[in-house]
Each structure stands twice: as structure tokens, then as C-alpha cells.
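Everything below concerns the one structure shown next.
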Amino acid sequence: MKKKLVNLDNKLLKEIEIDDSIFGIKLLPDIIHEYIRYQNAKSRQGSHKTKTRSEVNGRSKKPFSQKGTGNARQGSSKPPHFRGGATSMGPVNRDHSFNLNKKEKKLAIKSTLSSKLSDDNIIFVDSLTIESHKTKQLAKQLQKFNFKSALFVYGNEKADNNFVKASSNLPRVSLLNQKGINVLDLVTYEKIFIEETSLTKIKERLL
192 MKKKLVNLDN KLLKEIEIDD SIFGIKLLPD IIHEYIRYQN AKSRQGSHKT KTRSEVNGRS
252 KKPFSQKGTG NARQGSSKPP HFRGGATSMG PVNRDHSFNL NKKEKKLAIK STLSSKLSDD
312 NIIFVDSLTI ESHKTKQLAK QLQKFNFKSA LFVYGNEKAD NNFVKASSNL PRVSLLNQKG
372 INVLDLVTYE KIFIEETSLT KIKERLL
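So the sequence shown is residues 192 to 398, counted in the numbering used here.
Here you go:
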């Protein structure tokens, strides 16, 4: 299919051919949901931990005599019903991540890109290189696109230094290398700006 290629002033430059097998597939909500679960699970620390009876600091001596106190017999001060004692069946360190095969990952990204494009939320730009590092100047340019949040996907190994500096002070604006394109970022931001040089590399990665 053909789509418009614009510059950062939102001026039409030409039409470019994009791959239907990446930007034109049907919406697959189940696979997208599973990919987001996969990403969120990977980002969880899993460092929550409570102490069991064997880990609680203190002696295992009887807190008081077996008989004569009127209290129920106790063998230690470490059980859960004592203040400062162990936690019964509490959380332990664990790895929350799970595996998702490559085919599903690629399909989820392609489905999300297709959905964003069908909603006119993907904008193809010729370049993310700018002359000034001033935030005010970049903000004035981007006002023409009228978005609440935006993700800019660049194609080179490093983003343009001026663009990095200028965009760093803009709220709800983020930069991402095409290598790191993922479902969670695609659904988080309203508009996705894809640099023309990214398209070939995205195609190589997803096909």
C-alpha cells in the first residue's frame, strides 16, 4: 500500500510503498494481550520476600515454662502468631517472566502496527534530524501534528543529538530505536512517528 511521507513541518514530500504483511494485517487482540503480559512480567523484580520460621532471628528456646503460667504451651517465639515471628505462607523471591515464541512476538508487533495505521496514528517522516537543539522550536513544529503523546522511531544506531536534547523536555514524547520497537510502547503512545530509514530494518526484523 502507499502512504504519505512528510517532514517534521507536516508538509507532504512524496508517497512511499509500505509492506502490507507488516502494516496491513488484521487485529489480533489475544496475541497483543499476551505480548503485553510477557513484557510486564519481564519487568517485575520479584524481590518480595518474607521470613519463614527458620529465618527469623532469635532463639528457639521455650518462651516460658510448659506448666504453671496459665498460658497455652509454646515451644518457640518464632511462630506466626507471635509478634516478630515468621510469616505463614508469605511471598518468596521468584522470577515472574515466561517465554513467548518469536513467531508470536512478531505477529503481535505487526498486528499493533496495522491497527495504529488503520486508525491514522502512524506518521511516516523523512528524517528525525533537526538543526537546533532548542525545545521551543521543535515544540512549535510538532504542534502541527496535534497529538497528546508521541513515540519517535529512528533508524540509525544513534538518534540525532539535537533531536534528543530538544525532545527531552517535551512531556509525553519519547525516542526509540527501531531495534527496540515493541507492543507496549506502541499502545502507550497516541501517535507513532516512523523515520523512513527505519522501514527497511523493521521489515527485515519482522518478516
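Glycine included, every Cβ here is placed at the ideal spot set by N, Cα and C.
Suppose you measure from the CA of glycine 266 to the CA of phenylalanine 273; what does that come to, to the nearest Å? 12 Å
Taking only three categories from DSSP, how would you classify alanine 232? helix
| query | Excluding sequence positions up to five away, which residues of its chain have a Cβ less than 6 Å from the Cβ of threonine 260? | reply | none
* **Complete runs of the beta strand (DSSP E) confined to the stretch 203-256 [at least 3 residues]** => 203-208
**Asked** How is alanine 341 classed by DSSP in three states: helix, strand or coil?
**Response** strand
Any idea what DSSP makes of serine 365, helix, strand or coil? strand
| Taking the C-alpha atoms as reference points, what is the distance between asparagine 312 and serine 302? | 14 Å
- Item | Contact set for tyrosine 399: own chain, Cβ-Cβ below 6 Å, skip 5 residues either direction | Residue coverage of the chain in this structure runs from 192 to 398, which leaves residue 399 outside it and unanswerable.
ask   = Can you tell me where the beta strand (DSSP E) with phenylalanine 336 in it begins and where it stops?
value = Looking at the DSSP string, phenylalanine 336 is not in any beta strand (DSSP E), and its letter there is neither H nor E.
### Task
Go ahead and pull the three-state DSSP assignment for glutamate 386.
strand
### Task
Return the first residue and the last residue of the beta strand (DSSP E) that valine 355 is part of.
Where valine 355 is concerned, there is no enclosing beta strand (DSSP E), although the alpha helix (DSSP H) it sits in stretches over 352-358.
Checking 9 Å against the spacing of the C-beta atoms, do tyrosine 345 and leucine 329 come in under that value? no
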